[in-house]
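This report refers to the structure that appears directly beneath it.
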Amino acid sequence: MSKIFRLSFWVTLLFFLPFVAVAQNYTVRGKITDERTKDPLIGVPVAVTEKLSTGVFTNQDGEYKITLPKGDYTLVVKYVGYEDKKVKISLTKDIIENVSLKSSSIDLNEVVVSSRRADENVAGVQTGVEKMSIQEINQLPVLFGERDVVKAIQLMPGVKSAGEGGTGFYVRGGSADQNLVLLDNVGIYNASHLMGFFSAFNSDMVRDVTLYKGALPSQYGERLSSILDVQMRDGDNQDYHVNGGLGLISSKLNVEGPIKKGKSSFIVGARRTYADVIARAFGSEDVKNTTLYFYDLNMKLNFNLSDKDRLTFTAYSGMDKLGITDVVDTDWGNTVGTLKWTRLMGHKWTSSTALIYNRYSYNVAVDMNQDLRISSIINDYALKQEFTFTQNSVSSWKFGVHSTYHDMAPGKFDVAEDKGVSKHLKNKYSWENGLYASNTVKATDRLEIMYGLRLSAFSVLGAGDFYNLNENHEVIDTVSYKSGEFVKTYFNLEPRLSMAYRLNEVSSIKAAYARTTQSMHLLSNPTFASPFDRWVPTSNNIKPQIADQFTLGYFRNFANNLFEFSAEVYYKDMRNQIDFKDNALTFTNDDVETELLFGKGRAYGIELMLKKRVGRFSGWVSYTLSKSEKKIDGINNNKWYDAVQDRTHDISFVAMYSLNEKWNLSAAFVYYTGNAVTYPSGKYQVDGKEVVYYTERNGYRAPDYHRLDLGATCVLKKTKKFYSELAFSLYNAYGRENAYMIEFRTNDDDPSKSTAYQYSLFRFVPSISWNFRF
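First residue of the sequence shown: 0, per numbering that gives the first Met the number 0; consecutive thereafter.
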């Protein structure tokens with residue numbers, strides 16, 4: 000008995016010993032910010048002079064946390080573009096030490112202040128992550144006088160534009176709807192304006208942008224391919240500032256400052272285009288009856304309630320308007336809002352609670368022979384609770400839950416002639432939940448691991464009628480459910496794993512695996528995407544899409560982190576992929592599930608990138624070689640066929656040059672293989688009617704796409720209190736007529752033949768804008 004007691008004593012002592020040791024430690028935490036703008040600085044190294052092996056980097060909110068034994072220490076903060084700073088601290092209890100960094104006096108044209116640590120290309124644990132600061136985005140050529148967040152991301156490897164006039168982008172062989180775009184943690188269903196030529200984000204309101212295209216951290220879900228995380232700036236809580244711009248077709252204005260100095264702040268921004276107004280003012284007959292513009296409004300409020308509590312409120316509203324007097328009037332847009340409370344719970348735990356609202360809608364009114372009104376609305380209500388636990392200097396955890404209620408009105412159609420005719424597609428209700436946990440641990444000096452697990456649950460809810468289909472996708476019976484009744488629930492486990500092994504100080508290899516699922520699906524026009532494409536949720540017949548992605552990469556930095564090189568290969572296996580039957584009718588069809596077919600997909604490729612980060616000349620070149628295919632019974636004779644987003648080659652060249660203190664020059668060249676498309680192979684007559692004949696799905700290619708954009712910025716005045724510049728750009732500098740849409744028309748001379756006609760959108764688009772801040 001005594002032996003058992005002694006054994007139990009030692010086992011118990013060994014178990015609790017680490018916690019006893021930790022209990023003698025104290026934590027210093029704080030936030031690193033820019034002294035002038037008060038924006039948080041991300042990826043700033045914070046070292047301890049007395050313990051050279053101890054150090055951390057600030058997180059997405061500019062926060063750091065270090066646990067040390069009782070004693071006196073010196074914190075050393077060094078960051079590119081800022082003056083070094085040393086802070087003396089005495090740890091006799093948990094303390095908060097915020098640090099403001101002052102911009103260095105060296106010529107700022109010589110550096111790029113980045114939202115990432117200098118060696119993150121090699122040291123970061125995750126693969127497939129692209130980060131861009133707004134400073135980097137601002138140096139790229141502009142379109143119509145606007146610097147664009149989404150266009151900048153499309154210059155990265157593995158990310159492909161949806162095409163001229165497209166409303167999204169493709170990531171590693173996935174479709175446009177497989178990307179979740181977040182603005183301060185709120186999903187945006189349509190993140191573009193004017194059919195994709197502008198993004199929904201006012202660049203003056205953006206702090207930084209992160210794209211996850213590999214193994215997503217477990218706190219992210221709901222989409223199959225990628226997460227684009229856009230973070231808004233915090234307003235200055237010390238001084239008031241105004242910045243904005245005037246362009247040929249658009250203007251913007253932003254104001255920020257303290258609500259209560261040092262305690263709370265605000266930042267608001269507005270943007271609007273007015274191309275049609277200018278055209279009418281100059282008497283253009285073609286547009287005198289045309290309305291074409293968009294606007295968006297942003298607001299963010301920050302309240303430091305105490306040393307441990309912070310409250311933020313973010314709101315966004317954007318709308319596009321397109322119309323022709325007495326013919327058609329359309330509008331579409333997003334409205335989102337989030338209230339977030341962050342609390343420090345002791346020296347190890349942080350809690351974050353967010354209430355979220357998201358609305359997307361469109362309306363179409365046609366006034367010709369008959370009045371037609373079409374509308375659709377999606378309302379999302381969400382709650383997100385997350386805890387962060389810093390176990391020690393080498394291990395940290397995240398736990399959380401994300402719950403969203405979807406209320407979708409897919410379509411309402413009203414026709415008014417002699418008597419009104421109305422058709423309402425059935426509302427769709429669902430409840431989406433995600434429970435997750437992840438751990439990032441530095442296993443050895445060379446090996447860092449991030450692993451996690453996400454449990455996703457998607458519940459189909461009543462009220463409504465739900466159809467059961469046979470193997471031919473025909474309705475065989477209907478079951479009615481009451482409001483709030485559970486029709487069906489899908490559960491999926493999503494493991495995530497990322498590993499980085501440091502070969503030496505300048506190179507590393509990384510590997511990752513991730514399973515992702517998606518339960519909201521976009522039914523797009525196979526010819527060209529539009530804001531009126533139809534979103535449908537998972538149902539009793541439409542299963543969640545599932546993807547398993549494997550990634551392996553080699554990363555190398557040169558010349559003291561001045562140059563970065565990366566090479567990544569990936570393979571993605573996808574299930575429950577969706578495509579249309581031939582000649583499918585989806586727009587006004589309440590039984591849209593009968594027009595869909597389901598199968599599998601695969602995507603694989605290699606991504607190469609060489610980047611020069613800082614200096615008078617900077618930029619990058621990226622190349623992607625890839626393949627994306629589907630195999631669905633009932634399509635293409637049940638054989639593999641190219642997905643719409645399949646592109647063999649994708650190349651981007653970006654160059655930025657600081658000529659002198661006044662002039663900065665930039666250029667961007669893009670080339671990619673033409674989209675996979677379905678063209679008619681012939682036609683024949685049946686009972687006097689012409690029938691188009693198709694041989695294979697996506698068996699043809701649109702012409703290859705390429706374009707050169709040029710930009711130049713001239714600094715007019717630069718003082719401590721006032722800055723102004725002129726930004727010039729030339730979109731599509733050599734006037735390439737890239738294909739927007741290709742249409743086949745019957746020849747008048749020979750009705751048995753058809754001729755293809757290509758439509759292009761823009762050639763030689765110059766722009767100029769005046770930007771200022773004070």
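Don't be surprised by glycine CBs; every beta carbon is placed ideally from N, CA and C.
Each residue's CA atom was taken as its position, placing T745 and F293 some 37 Å apart. Annotated three-state conformation of V568 is strand, per DSSP.
Look at the beta carbons and you see the segment 349-363 touching the segment 331-341: at least three pairs across the two are nearer than 8 Å. Looking at the DSSP output, F312 bridges to L300 and L338. As for any beta strand (DSSP E) of minimum length 3 sitting wholly inside the segment 700-753, the runs are 704-717, 722-730 and 740-745, ordered along the chain. Around R574, the same chain offers I545 and K599 as residues with beta carbons nearer than 6 Å, after the five sequence neighbours per side are excluded. Partner residues in the beta bridge of A667, as assigned by DSSP, are V653 and D708.
Contact holds between the segment 553-570 and the segment 599-608, because three or more Cβ pairs, one in each stretch, are under 8 Å apart.
Following the DSSP letters along the chain, one finds Q134 in no beta strand (DSSP E) but inside the alpha helix (DSSP H) bounded by residues I133 to N137.
V363 sits buried, since 16 or more C-beta atoms from the chains shown fall within 10 Å of its C-beta. Of all C-beta pairs linking the segment 376-392 to the segment 335-354, three or more are shorter than 8 Å, placing the two stretches in contact.
About 7 Å separates the beta carbon of Y693 from that of D581, a gap short enough to meet the 8 Å contact definition. L709 sits away from L725, with the two beta carbons spaced by 8 Å or more. Between the alpha carbons of V170 and V158 lies a distance of about 5 Å. If you compare the alpha carbons of F302, D38, Y671 and L67 with that of A46, the shortest gap goes to L67. As the crow flies, the alpha-carbon of G244 is around 11 Å from that of R271. Per DSSP, K64 is one residue of the beta strand (DSSP E) stretching across E62 to P68.
For S680, the three-state secondary structure derived from DSSP is coil. The beta strand (DSSP E) runs of length 3 or more contained entirely in the segment 490-576 are, from start to end of the chain, 506-517, 519-522, 533-536 and 544-557.
Straight-line spacing of the CA atoms in F465 and T477 works out to 6 Å. Between G61 and E493, the CB-CB gap reaches or exceeds 8 Å.
In the three-state reduction of the DSSP assignment, V43 falls in the coil class, being assigned neither a helical nor a strand state.
With a threshold of 16 other beta carbon atoms within 10 Å, W619 meets it and is buried. Under the DSSP assignment, I355 falls in the beta strand (DSSP E) whose first and last residues are W348 to D366. With at least 16 other beta carbons inside 10 angstroms of its own, D379 counts as buried. Per DSSP, the beta-bridge partners of V229 are L182 and V208. The DSSP-derived three-state label of N333 is strand.
Taking a C-beta distance under 8 Å as the contact criterion, V27 and I136 do not qualify as a contact pair. Secondary structure note for V267: its beta strand (DSSP E) is the uninterrupted segment S263 to T272. Judged by DSSP in its simplified three-state form, N432 adopts strand. Contact check for N731 against F771 fails: the beta carbons are separated by 8 Å or more. The way I'd put it, the segment 514-524 doesn't touch the segment 468-477; fewer than three beta-carbon pairs between them come closer than 8 Å. In this structure, the beta-carbon distance from L707 to F668 falls below 8 Å. A distance below 7 Å between beta-carbons, with the five flanking residues on each side excluded, links E49 to the following residues of its chain, in chain order: Y72 and T73. Look at I152 here: in three-state DSSP terms it is helix. Counting along the chain, E385 sits inside the beta strand (DSSP E) bounded by residues D370 to N391.
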